[in-house]
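Here is the structure we will look at, set down as structure tokens.
There are 2 protein chains.
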Amino acid sequence: MRQSKLFLKTSKTVSEEEPTVNGRLLEQAGFVSKLMAGVYTYLPLGLRTLNNISKIVREEMNAIGASELLMPMLHPKDVWQTTGGWDNIDVLFKIQSRTEKEYALGQSEEEVVTPLVLARVQSYKDLPLAVYQINWKFRDELRAKSGLLRGREFLMKDMYSFHTSQEDFDRFYSEAKEAYLKIYTWLGLVAKVTEASGGAFSQKISYEFMVLTDAGEDDILYCEVCDFCVNVEIAEVKLGDKCPKDCAGTLAQAKASEVGNVFDLGQKYGKDFGLGYTDEAGEKKFPIMGCYGIGISRLMGVLAETMNDEKGILWPESVAPFRVHLIALPGKEAESVFSASDKIYRQLTDLGVEVLYDDRLDVSAGEKFADSDLIGVPHRLVVSQKTLALESLEYKKRNESESRLVKLDQVAEIL
Amino acid sequence: MRQSKLFLKTSKTVSEEEPTVNGRLLEQAGFVSKLMAGVYTYLPLGLRTLNNISKIVREEMNAIGASELLMPMLHPKDVWQTTGGWDNIDVLFKIQSRTEKEYALGQSEEEVVTPLVLARVQSYKDLPLAVYQINWKFRDELRAKSGLLRGREFLMKDMYSFHTSQEDFDRFYSEAKEAYLKIYTWLGLVAKVTEASGGAFSQKISYEFMVLTDAGEDDILYCEVCDFCVNVEIAEVKLGDKCPKDCAGTLAQAKASEVGNVFDLGQKYGKDFGLGYTDEAGEKKFPIMGCYGIGISRLMGVLAETMNDEKGILWPESVAPFRVHLIALPGKEAESVFSASDKIYRQLTDLGVEVLYDDRLDVSAGEKFADSDLIGVPHRLVVSQKTLALESLEYKKRNESESRLVKLDQVAEIL
Chain A
90 MRQSKLFLKT
100 SKTVSEEEPT
110 VNGRLLEQAG
120 FVSKLMAGVY
130 TYLPLGLRTL
140 NNISKIVREE
150 MNAIGASELL
160 MPMLHPKDVW
170 QTTGGWDNID
180 VLFKIQSRTE
190 KEYALGQSEE
200 EVVTPLVLAR
210 VQSYKDLPLA
220 VYQINWKFRD
230 ELRAKSGLLR
240 GREFLMKDMY
250 SFHTSQEDFD
260 RFYSEAKEAY
270 LKIYTWLGLV
280 AKVTEASGGA
290 FSQKISYEFM
300 VLTDAGEDDI
310 LYCEVCDFCV
320 NVEIAEVKLG
330 DKCPKDCAGT
340 LAQAKASEVG
350 NVFDLGQKYG
360 KDFGLGYTDE
370 AGEKKFPIMG
380 CYGIGISRLM
390 GVLAETMNDE
400 KGILWPESVA
410 PFRVHLIALP
420 GKEAESVFSA
430 SDKIYRQLTD
440 LGVEVLYDDR
450 LDVSAGEKFA
460 DSDLIGVPHR
470 LVVSQKTLAL
480 ESLEYKKRNE
490 SESRLVKLDQ
500 VAEIL
Chain B
90 MRQSKLFLKT
100 SKTVSEEEPT
110 VNGRLLEQAG
120 FVSKLMAGVY
130 TYLPLGLRTL
140 NNISKIVREE
150 MNAIGASELL
160 MPMLHPKDVW
170 QTTGGWDNID
180 VLFKIQSRTE
190 KEYALGQSEE
200 EVVTPLVLAR
210 VQSYKDLPLA
220 VYQINWKFRD
230 ELRAKSGLLR
240 GREFLMKDMY
250 SFHTSQEDFD
260 RFYSEAKEAY
270 LKIYTWLGLV
280 AKVTEASGGA
290 FSQKISYEFM
300 VLTDAGEDDI
310 LYCEVCDFCV
320 NVEIAEVKLG
330 DKCPKDCAGT
340 LAQAKASEVG
350 NVFDLGQKYG
360 KDFGLGYTDE
370 AGEKKFPIMG
380 CYGIGISRLM
390 GVLAETMNDE
400 KGILWPESVA
410 PFRVHLIALP
420 GKEAESVFSA
430 SDKIYRQLTD
440 LGVEVLYDDR
450 LDVSAGEKFA
460 DSDLIGVPHR
470 LVVSQKTLAL
480 ESLEYKKRNE
490 SESRLVKLDQ
500 VAEIL
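Chains A and B, in that order, give the protein sequences. Using this note's numbering, the letters of the first sequence correspond one by one to residues 90 to 504. Using this note's numbering, the letters of the second sequence correspond one by one to residues 90 to 504.
Dropping the structure here:
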């Protein structure tokens with residue numbers, strides 16, 4: 090993509106109003122634009138990054154056999170009355186139409202997915218079954234001051250599974266847990282799995298996937314030796330205690346952001362809707378359901394929040410909006426520099442490499458480098474009069490401080 | 090994709106409540122599930138089709154130099170007050186939060202895109218510029234009884250362009266018009282370009298792209314010889330009149346569905362927000378803006394509505410959820426039949442062909458064929474005991490009545 094054609098403006102100034110690093114950096118680097126607290130436009134760079142995260146999540150959900158679909162965001166009141174959510178979920182946005190009809194905006198989709206799936210399930214032979222979607226959710230948050238970490242409108246992958254037994258739920262839950270941990274590894278994040286309370290409707294324990302970050306809105310206690318981890322909300326231990334798993338470690342406390350969760354929903358939703366399946370004996374049973382969330386836009390915020398230096402963002406290769414930032418420094422020989430860099434741009438693009446090509450004419454080298462560091466594309470290539478005299482270009486990774494010369498005909502190899 | 094793993098149930102029965110062909114067929118074939126009037130879940134087949142349509146639209150918008158971004162659906166009240174839309178647009182959904190804050194749900198995005206873009210435009214050098222998104226819109230429709238043709242929640246591509254002169258707008262408008270006509274051609278549709286009224290705020294004429302279909306909600310008059318076409322709403326001619334373009338044709342009248350539109354917004358939105366650019370003389374000017382819509386989910390409805398026979402849908406290759414429907418008829422030799430069809434499935438998938446593989450064990454041949462015709466995948470391959478005895482499989486296009494035998498090793502070639 091030619092930078093001159095891309096709708097992109099970076100900014101030198103930092104918004105004072107934005108208290109979090111991710112909110113400031115993503116605005117400054119031209120990834121997002123805040124419409125109001127917790128509600129963002131995703132500019133071209135931001136949309137590409139969001140799509141890359143979605144792609145990783147989608148692949149892992151497909152790999153555990155879940156089918157992707159897309160449910161509506163506008164819900165009729167009656168399904169939310171059926172489950173009790175209409176009166177009990179305080180973040181539910183409610184709408185009254187001009188014909189006095191009432192709707193809710195989806196903040197989770199048990200109310201839609203349960204009747205949808207169970208209308209298509211006749212017998213135990215149709216189970217287990219898992220469906221998921223990647224779609225926007227809405228929450229009437231009182232405060233939304235954490236950039237992309239807490240949105241009033243946010244992108245989420247939500248999966249729902251249906252089982253004939255607790256054992257089968259447990260089997261699928263561990264597959265989903267492994268898939269989640271794979272996703273975080275792809276993103277370069279280390280997530281801790283914590284026990285937490287089960288939310289508004291569940292007496293069961295739920296699991297949260299937490300990434301340590303000072304901008305996080307949760308507090309967790311974790312063992313410095315083993316994998317014990319618990320949300321402070323439900324902890325029966327405290328900072329400095331010995332690890333309850335007897336591993337000889339002690340407990341540390343940290344701020345964390347919840348980048349995924351799993352709820353064992355039990356039979357609540359099947360019972361609420363009176364919908365079930367027929368078991369081997371011909372009797373009607375309610376399925377055990379699970380709900381599995383991953384905050385896609387929040388993950389983008391967590392990555393910007395935790396992967397940066399004083400110059401800007403350092404995107405992991407897996408989600409960076411582009412793989413290579415090709416910078417042409419036309420100097421006094423614009424024609425030959427652009428001719429050479431155009432050629433490299435075409436060559437890399439033909440190889441399927443995603444290149445952001447800074448082909449701007451009237452921008453100084455300093456400004457181009459500053460923009461590049463701010464945006465955070467993993468690999469940087471610079472073409473100038475000086476490098477061309479050596480039949481080379483300059484190559485540097487975003488996280489390296491020194492660049493090196495690479496021969497023009499070896500560019501493809503180093504990437 | 091193995092059909093046994095896909096969340097898909099077709100239905101033999103037709104919903105009597107659904108008055109349109111597209112609503113009935115898409116539900117029956119398992120593409121969508123109606124949550125309420127005008128609001129649908131897109132099941133796996135439907136989501137794939139919708140994504141394929143989006144992909145075609147996206148490519149053509151990129152080709153005319155527009156940048157893709159994604160704007161929020163939840164809008165603050167003040168931007169809608171600024172333009173007068175809050176009080177004047179009757180289909181605008183309004184939301185009151187628990188803190189008494191008011192929001193609107195996006196039904197078009199001039200209110201968001203104008204301040205977003207103009208905050209990043211300083212001078213005439215930054216123009217022209219076009220951005221677009223593919224995102225869900227919401228309209229508080231009084232009636233929504235046309236399946237996917239009129240949604241309360243619907244997927245739309247909306248593009249906005251910004252220009253320094255009417256001439257430059259006209260130039261871009263004709264590029265956009267050509268792009269639109271290309272898109273319809275890709276989809277196998279013939280769209281007529283009509284003049285229509287400019288909507289709530291514009292005194293200017295707008296253009297609508299119309300596909301003839303009895304389920305359409307517009308009435309158009311068109312010349313049987315030349316390309317004259319006008320919406321009956323604003324027509325100064327009537328059925329049977331001579332064509333006003335003096336081409337010797339006479340005017341016919343038909344129902345049509347609007348699958349795209351273009352509005353010349355003039356300077357209204359820049360003026361409303363007090364945002365503009367600096368021209369060559371250093372003076373502040375308001376840009377000429379254009380708005381260009383294409384209904385993605387509506388196009389899916391129009392395709393199902395117009396491309397079908399008594400057995401089901403006939404998707405064009407460009408948007409079909411799969412290219413090939415591979416059907417295994419295990420009969421009494423399940424093992425050898427599945428072994429051969431598994432091999433073909435892998436072979437085609439490795440070649441990048443998208444295959445829906447009916448690997449179901451306990452389903453009759455008749456039911457498999459009926460499902461296949463209903464779903465409407467363009468190419469059908471059948472593997473059975475009988476075809477294997479001839480080292481062949483049976484090949485048929487969805488729109489052909491006779492199948493023919495093809496040697497196993499020639500499958501890839503015929504596709």
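Built from N, CA and C at the ideal position, the CB exists for glycine as well. The structure presented is a predicted model; accordingly, all values stated were derived computationally and were not measured.
ask   = Does Tyr131 (chain B) come within less than 8 Å of chain A when only Cβ atoms are used?
value = yes
ask   = Should Thr188 (chain B) be flagged as near chain A, meaning a C-beta pair shorter than 8 Å?
value = yes
ask   = Short check: CB of Met299 (chain A) to CB of Thr283 (chain A), under 8 Å?
value = yes
task = Give the C-beta separation of Thr130 (chain A) and Val408 (chain A) to the nearest angstrom, bearing in mind that I take them to be a contact with Cβ-Cβ under 8 Å.
result = The pair is not a contact, with the Cβ atoms about 19 Å apart (cut-off 8 Å).
query = Are there three or more Cβ pairs, one per stretch, closer than 8 Å when the region 354-363 of chain B is compared with the region 469-489 of chain A?
reply = no
Interface partners of Asp353 (chain A) on chain B, CB under 7 Å = Residues of chain B passing the Cβ test: none, with the nearest at roughly 21 Å.
message = For the beta strand (DSSP E) containing Leu354 (chain B), name the first residue and the last one.
response = 340-355
Host beta strand (DSSP E) of Gln185 (chain A) (start-end) = 183-185
query = Which runs of the alpha helix (DSSP H) fall wholly inside the region 353-389 of chain B and span at least 4 residues, in chain order?
reply = 357-362
query = Mind checking if Ile385 (chain A) is an interface residue toward chain B, Cβ cutoff 8 Å exclusive?
reply = no
task = Using a Cβ-Cβ cut-off of less than 7 Å, list which residues of the region 236-268 of chain A approach chain B; keep chain order.
result = Arg241, Glu242
inquiry  = Closest to Met174 (chain A) by C-alpha separation, out of A:Gln185, A:Leu194, A:Pro161, A:Ser186, would be which residue?
reply    = First, the residue type needs correcting, since residue 174 (chain A) is Gly and not Met in the sequence shown. Selected option, being the one with the closest Cα: A:Leu194.
DSSP state of Ile150 (chain A) mapped onto helix, strand, coil = A small correction: the amino acid at residue 150 (chain A) is Met; Ile does not occupy that position in the sequence shown. Residue state, collapsed to three classes: helix.
key: beta strand (DSSP E) segment containing Leu115 (chain A), residue limits   = Careful: Leu115 (chain A) lies outside any beta strand (DSSP E), inside the alpha helix (DSSP H) at 110-117.
message = Taking the beta strand (DSSP E) that Ile515 (chain B) belongs to, which residues open and close that run?
response = For chain B, the structure presents residues 90 to 504; residue 515 (chain B) sits outside this window and is missing.
inquiry  = I'd like to know whether the C-beta atoms of Val128 (chain A) and His164 (chain A) end up nearer to each other than 8 Å.
reply    = no
request  = Spell out whether any CB of chain A is found under 8 Å from the CB atom of Pro217 (chain B).
outcome  = no
message = Can you tell me where the alpha helix (DSSP H) holding Val169 (chain B) begins and where it ends?
response = Checking the sequence shown, residue 169 (chain B) turns out to be Trp, not Val. First-last of the alpha helix (DSSP H) with Trp169 (chain B): 166-172.
task = Express the C-alpha separation of Glu443 (chain A) and Ile416 (chain A) in angstroms, rounding to a whole number.
result = 14 Å
ask   = Since Arg260 (chain B) sits in a beta bridge, which residues does DSSP pair it with?
value = Beta-bridge pairing links Arg260 (chain B) to no other residue.
ask   = What did DSSP end up calling Ala88 (chain A) once you bin it into helix, strand or coil?
value = Beyond the ends of chain A as shown, which are 90 and 504, falls residue 88 (chain A); an answer cannot be given.
message = Just checking: is the beta-carbon of Trp275 (chain A) within a distance shorter than 8 Å of some beta-carbon in chain B?
response = no
ask   = How would you call Ile385 (chain A), buried or exposed, if buried means at least 16 neighbouring beta carbons within 10 angstroms?
value = buried
Chain-ordered neighbours of Val220 (chain B) on chain A, where CB pairs are closer than 7 Å = Phe96
key: Run of the alpha helix (DSSP H) containing Ile223 (chain A), from where it starts to where it stops   = Ile223 (chain A) -> not in any alpha helix (DSSP H); beta strand (DSSP E) instead, spanning 218-227.
task = Please classify Lys486 (chain A): does DSSP put it in a helix, a strand, or coil?
result = strand
request  = Taking Leu97 (chain A) as part of the beta strand (DSSP E), name the residues at either end of that continuous run.
outcome  = Note, Leu97 (chain A): premise wrong, no beta strand (DSSP E); not H, not E.
key: Boundaries (first-last residue) of the beta strand (DSSP E) holding Val201 (chain B)   = Run containing Val201 (chain B): none in the beta strand (DSSP E); it sits in the alpha helix (DSSP H), 199-207.
request  = Starting from the C-beta of Ile153 (chain A), find all residues in its chain whose C-beta is less than 6 Å away, skip the five residues before and the five after it, and write them out in chain order.
outcome  = Glu264, Ala268
ask   = Just reading off the alpha helix (DSSP H) that Glu424 (chain B) is part of, what are its end residues?
value = 423-439
query = Which residue from A:Ala393, A:Asp368, A:Leu477, A:Phe375 puts its Cα closest to that of Leu418 (chain A)?
reply = A:Leu477
inquiry  = Does Leu302 (chain B) come out as helix, strand or coil in the three-state DSSP assignment?
reply    = Just to set this straight, residue 302 (chain B) is Thr in the shown sequence, not Leu. Correct three-state label for Thr302 (chain B): coil.
ask   = From Val168 (chain B) to Ser254 (chain A), what does the alpha carbon distance come to, in whole angstroms?
value = 51 Å
query = Going by alpha carbons, who is nearest to Leu270 (chain A) out of A:Val348, A:Met245, A:Lys94, A:Leu504?
reply = A:Val348
inquiry  = Using C-beta distances below 6 Å, list every residue in its chain close to Lys183 (chain B), excluding the 5 sequence neighbours before and after it, in chain order.
reply    = Ala193
query = For the candidate residues A:Gly363, A:Gly455, A:Glu256, A:Glu502, whose alpha-carbon lies nearest to that of Thr172 (chain A)?
reply = A:Gly363
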